[in-house]
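Asker: My questions all concern the structure below.
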Amino acid sequence: MAGQSSGGAIYFAILGIVTTAFGLADLLVTVSGSEFAYGGLEIPGDLFRGGWGGIIVLFAGLFYLSGIRNFDDIHQFAKVAMGSILIWVVAGSDIFAMISESIPSWNEETGPWFNTLPGFIGAYAPPYAPAVLLLPFSLVVIYYIRKRASGEVGGGNSP
Amino acid sequence: MKLSTGDRWDLIDKISKETVTFGAYKHTLKDAIGELTVKPMTGIPVAIAIMYGFWSMFGSFAGFFTDGFFVRLFDAYWLPWLQEVFPGQGGWLYAIMVDAGGIESGEFVLSSNCLESFGVLTSGLFVAIGVVLPAIIIFYLMLALLEDIGYMPRLAVLLDTVLHRVGLHGYAIVPTILSLGCNVPGVTATRILETKKQRFIMMTLLAIFIPCGAQIGIMQDVVPDLMGWILLYLIIGYFIFGYILNKIVPGKAPEFLIDVPPYRRPMPSNIGKKVGGRVRGFFMIAIPFVLIGCALVGILYQLGVIQFLGDMLAPVFVGWFGVPAETAGPLIAAFLRKDLAVAQLSVIEMTKYQMITAVVLVSIYFPCVATFAMMLKEGWKELLGSLAVLTVVVFAYGGLIHLIGKLLGVA
Chain A
1 MAGQSSGGAI
11 YFAILGIVTT
21 AFGLADLLVT
31 VSGSEFAYGG
41 LEIPGDLFRG
51 GWGGIIVLFA
61 GLFYLSGIRN
71 FDDIHQFAKV
81 AMGSILIWVV
91 AGSDIFAMIS
101 ESIPSWNEET
111 GPWFNTLPGF
121 IGAYAPPYAP
131 AVLLLPFSLV
141 VIYYIRKRAS
151 GEVGGGNSP
Chain B
1001 MKLSTGDRWD
1011 LIDKISKETV
1021 TFGAYKHTLK
1031 DAIGELTVKP
1041 MTGIPVAIAI
1051 MYGFWSMFGS
1061 FAGFFTDGFF
1071 VRLFDAYWLP
1081 WLQEVFPGQG
1091 GWLYAIMVDA
1101 GGIESGEFVL
1111 SSNCLESFGV
1121 LTSGLFVAIG
1131 VVLPAIIIFY
1141 LMLALLEDIG
1151 YMPRLAVLLD
1161 TVLHRVGLHG
1171 YAIVPTILSL
1181 GCNVPGVTAT
1191 RILETKKQRF
1201 IMMTLLAIFI
1211 PCGAQIGIMQ
1221 DVVPDLMGWI
1231 LLYLIIGYFI
1241 FGYILNKIVP
1251 GKAPEFLIDV
1261 PPYRRPMPSN
1271 IGKKVGGRVR
1281 GFFMIAIPFV
1291 LIGCALVGIL
1301 YQLGVIQFLG
1311 DMLAPVFVGW
1321 FGVPAETAGP
1331 LIAAFLRKDL
1341 AVAQLSVIEM
1351 TKYQMITAVV
1361 LVSIYFPCVA
1371 TFAMMLKEGW
1381 KELLGSLAVL
1391 TVVVFAYGGL
1401 IHLIGKLLGV
1411 A
């Protein structure tokens, strides 16, 4: 049990460091005023997604890092869960934007109303924003929530 | 038999011992997350994230329907069809109902899109259905979701200290956010505030600094890059003038007690009812005002009233606010339709800063007719007071924005 908890703490410590780094990178790229792309990663340079979104990703990282100490305590674990929730908000918004952009054809005058199949699928192709890349890793928190709910990890208040 | 105070307490103790079971309460994850969202250190980042999600969803959803489908439907099909079949091209009825058009080389030229035609059946319907409806639906959907989850009372607690600085309390966030959908229910919701002073401050701030869903929808459509700056100016103005009003308006601003409910899974039926009711209410109150307002703007343009007022006030707009003389007409028309006024501004050539100033002026300039009527219903003294404040705010804040631009070298 303790092994699982320390495993969780180590996992979220690493995720926290990566998330914080992504948040800082988001803000730096926004301040520089240009976009940054490398492989499957794209950091938006606009004030809304890069700036505002970057601040949230940074907060998510800080939530993870502040929650890993005494990981079994419900209040500490709540911070880790909150870190994941913040990533879900940003990534969810990005994915919703992708879906919204993938369906219409965006033709103003003539042509089909809806996107072609290749165009539709292409809208979901990489590169992705940091929050979207972090999304699958943040979902691990659900495993720990379920463990806690089923009583496998010592729940409740720590003394 | 008459019991003394001590006897009563003894009796209460006895009853509670027999009926209440005491035990150690274990905090659940929901409780712990609930606590995190009301503590400023952790709650403010969460609030920032919620607002991000709110606006991102708003932009994507409204953009999907408006830019993805309605712009094409109205501009490529509806407008050309109406321009062709409506009789009396170039006449005053045609101008009011379909297309005011323009004159090029002495000839009447038809508009190419519904934002420029300014007819009741074109611009009026496009704004009401193509722009405002998607914006309002997603806005009320998100708001209902936050209410149903149980986040709104937490936001109220979180913002209580800040809102006390402007003479209000945490619950003032409810009319404020409702007004972002439509100012009319926002004004009605000021009744949840306890004192006359609070209601007056709230109503005045709503009428001046909170743009409605129609205006936000249009801004999102025609000046999306400047939205952040425009909203920033409005938020700063909300707090500056709220602070001043709190100092000069007599009366009390009491504390508030609130029962923060636990987080709950949202119920689709609840959300459906809330969104349905609010959208229906919006349709009943605001949509007729959009169409009537559009018609009145058209009539006033045809009679030359707006041109006359615009010419008369142009020196003030140019000299004091630093916006081009052509903006005088839309700014006058903003009394009837702020959304249409923003659309009119978008086709005038001006610098980015002038556009920000002009759109902020449209927002703070005057409450729309529907809000005006609602404020009158709340009391004519309050309405007159609000209008007096508004006049001062328009000149002071509009001039200040111009001054800031001059100091920064962008105006």
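Going line by line, the protein sequences match chains A and B. Following the numbering used here, the numbering of the first sequence begins with 1 at its first residue and continues without gaps. Following the numbering used here, the numbering of the second sequence begins with 1001 at its first residue and continues without gaps. For glycine and all other residues, C-beta sits at the position ideal for the given N, C-alpha and C.
1) Just to confirm, are P126 (chain A) and G40 (chain A) a CB contact at a threshold of 8 Å?
2) Here's the rule: buried if 16 or more other CB atoms are within 10 angstroms of the residue's CB, otherwise exposed. What is W1081 (chain B)?
3) Who pairs with F114 (chain A) in a beta bridge, going by DSSP?
4) So what does DSSP say about E1194 (chain B), is it helix, strand or coil?
5) What does A1076 (chain B) reach in chain A if we use C-beta pairs closer than 8 Å?
6) I'd like to confirm the pairing. Which residues does DSSP put opposite I1401 (chain B) in its beta bridges?
7) Straight-line CA distance for I43 (chain A) to L1158 (chain B)?
8) Give the residues of chain B in contact with L47 (chain A), contact being defined as C-beta atoms less than 7 Å apart.
9) Helix, strand or coil for L1110 (chain B)? Go by DSSP, reduced to three states.
10) According to DSSP, which residues form a beta bridge with F1366 (chain B)?
11) Is F12 (chain A) helix, strand or coil when you go by DSSP?
12) Pick helix, strand or coil for L1205 (chain B), following the three-state DSSP scheme.
13) Can you list, in chain order, the residues of its chain whose CB lies under 6 Å from that of G155 (chain A), leaving out five sequence neighbours each side?
14) Exposed or buried, which one is R1191 (chain B) when buried takes at least 16 other CB atoms within 10 Å?
15) Whose Cβ in chain A lies nearer than 8 Å to the Cβ of T1042 (chain B)?
16) Do P1254 (chain B) and T1176 (chain B) count as a contact pair if the criterion is CB distance below 8 Å?
17) According to DSSP, which residues form a beta bridge with D1099 (chain B)?
18) Can you give the Cα-Cα distance for G7 (chain A) and L1390 (chain B), rounded to whole angstroms?
19) Go through its chain and collect everything with a Cβ distance to Y1171 (chain B)'s Cβ below 8 Å, but skip five positions before and after it.
20) So G16 (chain A) and I68 (chain A) are supposed to be a Cβ contact under 8 Å. How far apart are they, rounded?
21) Would T1005 (chain B) be called buried (16 or more neighbouring beta carbons within 10 Å of its own) or exposed?
22) Any idea which residues DSSP pairs E1104 (chain B) with across the strands?
23) Is I145 (chain A) near A81 (chain A), with beta carbons less than 8 Å apart?
24) Compute the Euclidean distance between the alpha carbons of Y1238 (chain B) and I1012 (chain B), then round it to the nearest angstrom.
25) Quick one: give me the first and last residue of the alpha helix (DSSP H) that I1244 (chain B) is part of.
26) Smallest Cα separation from K1039 (chain B): which of B:T1161, B:P1268, B:F1209?
27) If you follow the beta strand (DSSP E) that F1058 (chain B) is in, where does it begin and where does it stop?
28) Decide if A1388 (chain B) is buried, meaning its Cβ has at least 16 other Cβ atoms within 10 Å, or exposed.
29) For the region 1055 to 1073 of chain B against the region 1089 to 1103 of chain B, are there 3 or more C-beta pairs whose distance is under 8 Å?
30) Do you know offhand how far V1323 (chain B)'s Cα is from V1347 (chain B)'s?
31) Of all the CB atoms in chain A, is at least one closer than 8 Å to the CB of Y1140 (chain B)?
32) When you compare the CB of A1032 (chain B) with every CB in chain A, is at least one pair closer than 8 Å?
33) Check the DSSP bridge columns for I43 (chain A) and list the partner residues they point to.
34) Pick from B:G1379, B:S1123, B:G1228: whose alpha carbon is nearest that of G1059 (chain B)?
35) Considering only the beta carbon of each residue, do I985 (chain B) and A1295 (chain B) sit closer than 8 Å?
36) Count Cβ pairs between the region 1020 to 1039 of chain B and the region 1129 to 1147 of chain B that sit closer than 8 Å; are there 3 or more?
Answerer: So, from the listed chains and residues:
1) The count along the first sequence starts at 1 and reaches residue 126 (chain A) at position 126. The count along the first sequence starts at 1 and reaches residue 40 (chain A) at position 40. A contact, by the Cβ cut-off of 8 Å.
2) Taking the second sequence and counting its residues from 1, one reaches residue 1081 (chain B) at position 81. Label assigned to W1081 (chain B): exposed.
3) What you label residue 114 (chain A) is simply residue 114 of the first sequence in a count that begins at 1. Per DSSP, A:P104.
4) Your numbering for residue 1194 (chain B) matches position 194 in the second sequence. In the structure shown, E1194 (chain B) sits in coil (DSSP, three-state: anything other than H, G, I, E or B).
5) What you label residue 1076 (chain B) is simply residue 76 of the second sequence in a count that begins at 1. Result: E108, E109, T110.
6) Taking the second sequence and counting its residues from 1, the one referred to as residue 1401 (chain B) is at position 401. Looking at the DSSP assignment, I1401 (chain B) forms no beta bridge with any residue, so it has no partner.
7) The residue labelled residue 43 (chain A) in the question sits at position 43 within the first sequence. The residue labelled residue 1158 (chain B) in the question sits at position 158 within the second sequence. Rounded to the nearest angstrom, the two C-alpha atoms are 31 Å apart.
8) Residue numbering aside, residue 47 (chain A) sits at position 47 when the first sequence is read from its first letter. Per Cβ cutoff of 7 Å: G1228.
9) Position 110 of the second sequence, counted from the first residue, corresponds to residue 1110 (chain B). The answer is coil: DSSP assigns L1110 (chain B) none of H, G, I, E or B.
10) Here residue 1366 (chain B) corresponds to residue number 366 of the second sequence, with the count starting at 1. In DSSP, F1366 (chain B) forms no bridge with anything.
11) Translated into positions along the first sequence, residue 12 (chain A) becomes position 12. In the structure shown, F12 (chain A) sits in a helix (DSSP, three-state: H, G or I).
12) Reading the second sequence from its first residue, position 205 is the one you call residue 1205 (chain B). L1205 (chain B) falls in the helix class under three-state DSSP.
13) As a first step, residue 155 (chain A) must be located in the first sequence, where it is residue number 155. Bear in mind that the predicted position of G155 (chain A) carries a pLDDT of just 45, short of 50, making it too unreliable to give a figure here.
14) Counted from its first residue, the second sequence places residue 1191 (chain B) at position 191. Label assigned to R1191 (chain B): exposed.
15) Taking the first residue of the second sequence as position 1, residue 1042 (chain B) is located at position 42. Within 8 Å Cβ-Cβ: F63, K79, M82.
16) Your numbering for residue 1176 (chain B) matches position 176 in the second sequence. Your numbering for residue 1254 (chain B) matches position 254 in the second sequence. Contact flag unset, no.
17) The residue you call residue 1099 (chain B) lines up with position 99 of the second sequence. DSSP output for D1099 (chain B) lists B:F1118 as bridge partner(s).
18) Residue numbering aside, residue 7 (chain A) sits at position 7 when the first sequence is read from its first letter. Residue numbering aside, residue 1390 (chain B) sits at position 390 when the second sequence is read from its first letter. So the two alpha carbons sit approximately 60 Å from each other.
19) Taking the first residue of the second sequence as 1, we reach residue 1171 (chain B) at position 171. The answer, listed in chain order, is A1156, I1192, L1193, F1256, I1258.
20) As a first step, residue 16 (chain A) is located in the first sequence; it is residue number 16 there, counting from the start. As a first step, residue 68 (chain A) is located in the first sequence; it is residue number 68 there, counting from the start. Right, their Cβ atoms sit about 7 Å apart.
21) The residue given as residue 1005 (chain B) occupies position 5 in the second sequence. Under this definition T1005 (chain B) is an exposed residue.
22) Taking the first residue of the second sequence as 1, we reach residue 1104 (chain B) at position 104. E1104 (chain B) pairs with B:E1107.
23) If you number the first sequence from 1, residue 145 (chain A) lands on position 145. If you number the first sequence from 1, residue 81 (chain A) lands on position 81. Yes. Within cutoff.
24) By 1-based counting over the second sequence, the position of residue 1238 (chain B) is 238. By 1-based counting over the second sequence, the position of residue 1012 (chain B) is 12. Cα-Cα distance, rounded: 49 Å.
25) Indexing the second sequence from 1 puts residue 1244 (chain B) at position 244. Run containing I1244 (chain B): 1227 to 1248, per the alpha helix (DSSP H) assignment.
26) Stepping through the second sequence from its first residue, residue 1039 (chain B) is reached at position 39. That would be B:T1161, whose Cα lies nearest to the Cα of K1039 (chain B).
27) Taking the first residue of the second sequence as 1, we reach residue 1058 (chain B) at position 58. Unbroken run through F1058 (chain B) is the alpha helix (DSSP H), 1040 to 1065; no beta strand (DSSP E).
28) Within the second sequence, the letter at position 388 stands for residue 1388 (chain B). Exposed, since its Cβ has fewer than 16 Cβ neighbours within 10 Å.
29) no
30) One-based indexing of the second sequence puts residue 1323 (chain B) at position 323. One-based indexing of the second sequence puts residue 1347 (chain B) at position 347. Cα to Cα, V1323 (chain B) sits roughly 14 Å from V1347 (chain B).
31) Here the question's residue 1140 (chain B) lines up with position 140 in the second sequence. So, not an interface residue.
32) By one-based count along the second sequence, residue 1032 (chain B) stands at place 32. Closer than 8 Å to some Cβ of chain A, the Cβ of A1032 (chain B) qualifies, so yes.
33) Taking the first sequence and counting its residues from 1, the one referred to as residue 43 (chain A) is at position 43. A:F36, per the DSSP bridge assignment.
34) To locate residue 1059 (chain B), count along the second sequence from 1; it is residue 59. For the residues B:G1379, B:S1123, B:G1228, the minimum Cα distance to G1059 (chain B) belongs to B:G1228.
35) Here chain B comprises residues numbered 1001 to 1411, so residue 985 (chain B) is not present and cannot be evaluated.
36) no
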